[in-house]
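S.K.:
Residue numbers (our numbering), protein chains in the order written: chain A, 2 to 97; chain B, 2 to 97; chain C, 2 to 97; chain D, 2 to 97; chain E, 2 to 97; chain F, 2 to 97; chain G, 2 to 97.
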């Protein structure tokens, strides 16, 4: 199954946060912090501006991005969690 | 009975969520998650932009779409539940 | 008495919801669901757009329309309940 | 004393609601419903639009109008209650 | 001390409300209603519109004006209470 | 240390309110009212309008200004309290 | 790892607040005030204005800036706390 986001939306696959503390203790799921990092899986065509033209997105497929803890809508597809965000909810691109 | 949505509204028929857990247990209605997937049954003519022109919708009849859990207004017609959403409440189109 | 709605407002006469359950039991008033369907009795001249021109309404007198449960303002005239809505509160027209 | 409302404001004198029930019982003041009908006593010159021009009002002095239960600001002048509303709070004109 | 209000602001000196009931009883301070009437002491140069031009105010110094009970900011200068309001918080001018 | 406010912001040094009651009693700190008067220490270059041009500020360095009790952000620099406000939070200039 | 903020966002490294009271007492972490000062580490390309052009930022990398106590989103990277703010959340630049 493939997703085609609408307007200025972006589909992101959240990255698992570190499962060990700096001291090497393995954390249970409930103690892990909510991920704020993810990989862009798909981008929309951009929103329409006032002149009726599409505004292309700054982020690209495969970009690693940072976002707020409560941004976007969680969607579960085939057992995998995804996040659908507006581009304006993305704070920064992490350069590799 | 047929519905003609106004402006940028879309009539969606929610898809039943899986009734079995991965282990094969049949779920009762109250344990099923609220659907976030549905099929587009009808689309409006589009909202008017600032120049007084209609902005045609990106989604089409028969598209399979994803939306937030609390998006739109539920309407019951002839015993069938429908959802009427603004197009901006639709997150993505699911490609078949 | 006749009402002339202002701007983009619409006067709607709510339709009585079914008074019987599918099994044929007659429902008391307090168990009936709030109507979300009504007949358009009067429409306003349309709101003024940014260029100072009237935007005519999509709905017409006699249209059967769908609206949200808590939309509009209830008005009682000569013992009959009416609803005054903005056109943007109307979700769809029901085709007969 | 005379009031000159500013911009798109309207001074309305609320009409007393019926003091008898359909069965002829005279209602005490506390059981009367809040009036939603009134007579226009004065209208403002209209708000300024984006081009700096006045938008004249649709309602006229002496019009009988309908408004929401909690619309506007109540003002007491010489012992008489008035309501000052924006024209956009007026739902409809009642034709006589 | 003199005040020069900014943009579309107005300095108003609230009028003392009647200190006697219609029956002639003198009211203590705590039983007096909050004033909604005042005299304009100073007006600002007007806000800037979208074209960068000042929109001159409708009210003038010495006008007697009506305003909502909770409008504006109270300021005490040399022991005297004043109210600084935006012109849009002024409901009407009282003609003398 | 010197502050350069951004856009339409203004740095204000609040004036100490009178420490004596009219009867000559010296007030402890906790009984003093929050200051609503201050001296402008620095002004920003102005916000950008829709045409991309700076809108210069009305207030100037050294102006004595009035503002609401809860306006702006308090900042402590080298032990001295300052307030950073948007110009739109300033109610009036006090003429000396 | 390097961050490329989107639109009008800015990455800031908060400065540690003084760890001693004026009297020389070393403060524990929980008694320290939340920092409102930080150093700009990266700036975005600017937001798009209505004409579709980028509005370049006023702040530059290495600027020392002041911001409100609850502004922005905290992000932890490689054990170091950063703050991602919109430029409009920055109150002033501190001149060195």
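Glycine residues also receive a C-beta, built at the ideal position from the N, C-alpha and C atoms.
Can you name the residues that DSSP bridges to residue 15 of chain B?
M.R.: B:39
S.K.: Between B:61, B:50, B:89, which has its C-alpha nearest residue 40 of chain B's C-alpha?
M.R.: B:61
S.K.: Find the residues of chain F that neighbour residue 92 of chain G, judging by a C-beta separation of less than 8 Å, and give them in chain order.
M.R.: Listed by position along chain F, the residues whose Cβ is nearer than 8 Å to that of residue 92 of chain G are 6, 7, 10, 74, 76, 85.
S.K.: Could you tell me whether the Cβ atoms of residue 73 of chain G and residue 92 of chain G are closer together than 8 Å?
M.R.: no
S.K.: Rounded to the nearest angstrom, how far is the Cβ of residue 94 of chain C from that of residue 58 of chain C, given a contact under 8 Å?
M.R.: Going by Cβ atoms, the distance from residue 94 of chain C to residue 58 of chain C rounds to 11 Å, so no, they are not a contact pair.
S.K.: Using only the alpha-carbon positions, how far apart do residue 86 of chain C and residue 90 of chain E sit?
M.R.: 27 Å
S.K.: Considering only their Cβ atoms, is the gap separating residue 15 of chain A from residue 65 of chain A smaller than 8 Å?
M.R.: no
S.K.: Around the C-beta of residue 5 of chain E, are 16 or more other C-beta atoms found within 10 angstroms, so that it is buried, or is it exposed?
M.R.: buried
S.K.: At 9 Å on the CB atoms, spell out the chain C contacts of residue 49 of chain B, in chain order.
M.R.: The answer, in chain order, is 50, 56.
S.K.: With a 10 Å radius around its C-beta and 16 neighbouring C-beta atoms as the bar for buried, classify residue 79 of chain D as buried or exposed.
M.R.: exposed
S.K.: Give, in chain order, every unbroken run of the alpha helix (DSSP H) that is at least 4 residues long and sits entirely within the segment 40-71 of chain D.
M.R.: Entirely contained in the segment 40-71 of chain D, not one alpha helix (DSSP H) run reaches 4 residues.
S.K.: Going straight from the alpha carbon of residue 34 of chain B to that of residue 77 of chain A, what length do you get?
M.R.: 11 Å
S.K.: Give every residue of the same chain whose Cβ lies closer than 8 Å to the Cβ of residue 37 of chain G, excluding the five residues on either side of it in the sequence, and list them in chain order.
M.R.: 67, 68, 69, 70
S.K.: Which value, in whole angstroms, describes the spacing of the CA atoms of residue 56 of chain B and residue 81 of chain C?
M.R.: 39 Å
S.K.: With distance defined between alpha-carbon atoms, name the residue in A:43, A:53, A:75 nearest to residue 63 of chain A.
M.R.: Closest by alpha carbon: A:43.
S.K.: Below 8 Å on the Cβ atoms is my contact criterion, and I expect residue 75 of chain B with residue 51 of chain A to pass it. Report the Cβ-Cβ distance as a whole number of Å.
M.R.: The pair is not a contact, with the Cβ atoms about 33 Å apart (cut-off 8 Å).
S.K.: Considering residue 97 of chain D, what are the terminal residues of the beta strand (DSSP E) in which it resides?
M.R.: Where residue 97 of chain D is concerned, there is no enclosing beta strand (DSSP E), given that its DSSP letter is neither H nor E.
S.K.: Taking 8 Å as the threshold (beta carbon to beta carbon), is residue 53 of chain D in contact with chain C?
M.R.: By this cut-off, residue 53 of chain D is not an interface position.
S.K.: What does a CB cutoff of less than 8 Å around residue 9 of chain E pick up in its chain, not counting 5 residues either side in sequence?
M.R.: 45, 47, 48, 56, 58, 87, 88, 89
S.K.: Counting contacts by CB-CB distance shorter than 8 Å, is residue 39 of chain D in contact with chain I?
M.R.: Here chain I cannot be found, since the structure's protein chains are A, B, C, D, E, F and G.
S.K.: For residue 47 of chain A, is the beta carbon positioned less than 7 Å from some heavy atom of the ligand GDP?
M.R.: Although the ligand GDP was asked about, the structure shown includes no ligands whatsoever.
S.K.: Under the three-state reduction of DSSP, which class applies to residue 1 of chain C: helix, strand or coil?
M.R.: There is simply no residue 1 of chain C to check, as chain C begins at 2 and stops at 97 in what is shown.
S.K.: Identify the continuous beta strand (DSSP E) that holds residue 4 of chain F and give its terminal residues.
M.R.: 3-6
S.K.: Return no unless some Cβ of chain E is closer than 8 Å to the Cβ of residue 67 of chain F.
M.R.: yes
S.K.: For a contact defined as C-beta to C-beta under 7 Å, what are the partners of residue 59 of chain A on chain G?
M.R.: Ordered by position in chain G, the residues that pass the 7 Å Cβ test against residue 59 of chain A are 7.
S.K.: Just to make sure I have the definition right: I need the residues of chain C whose C-beta is within less than 7 Å of the C-beta of residue 3 of chain B. Which are they?
M.R.: 96
S.K.: Can you tell me where the beta strand (DSSP E) holding residue 82 of chain G begins and where it ends?
M.R.: 81-87
S.K.: Quick check: what's the CA-CA separation for residue 17 of chain G versus residue 54 of chain G?
M.R.: 37 Å
S.K.: Once you ignore the five residues that flank residue 3 of chain A on each side, which residues in its own chain have a CB closer than 8 Å to its CB?
M.R.: Only 43 meet the Cβ criterion.
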